[in-house]
Amino acid sequence: MSIYHSKKNKPYVYMCTERDTGRFYIGYRYRNYLPAEEDFGNRYFTSNKYVKKNFDRFDWQIIAEFYDKKDAYKFEGELIRETKSPLQINQDKYKRQL
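Numbering (the numbering used here), first residue to last: 29 to 126.
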């Protein structure tokens, strides 16, 4: 779900939250050929295997859209590192990079 409706296909950052547990995953996508709201949950279901397999158990939102894929990637990484929560599904990936 998004708070606004974009008509352009731009790189975006999203968050998926598992309804029962509160666990969440932050990700980004730049190879979309549709606007984010039409792409996510219809054509693209995240790169995380657990979230993709259980997608119907997650609520999702588009956090931000960008003009440049590097900006989207940088924002995603900063958001993941700043969140620091045991409920964050992708936290282990970024702990290894520090």
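All C-beta atoms in this analysis are idealised placements derived from N, C-alpha and C, irrespective of residue type, glycine included.
query                                                                                             : result
CA nearest to the CA of I90, picked from Y72, V41 and N37                                         : V41
Check whether N60 and N76 have beta carbons under 8 Å apart                                       : no
Residue range of the unbroken alpha helix (DSSP H) whose run includes Y61                         : Looking at the DSSP string, Y61 is not in any alpha helix (DSSP H), and its letter there is neither H nor E.
Of the residues K112, R109, E93 and I117, the one placed nearest P63, counting alpha carbons only : E93
Span of the beta strand (DSSP E) around I117                                                      : No beta strand (DSSP E) holds I117; DSSP gives it neither H nor E.
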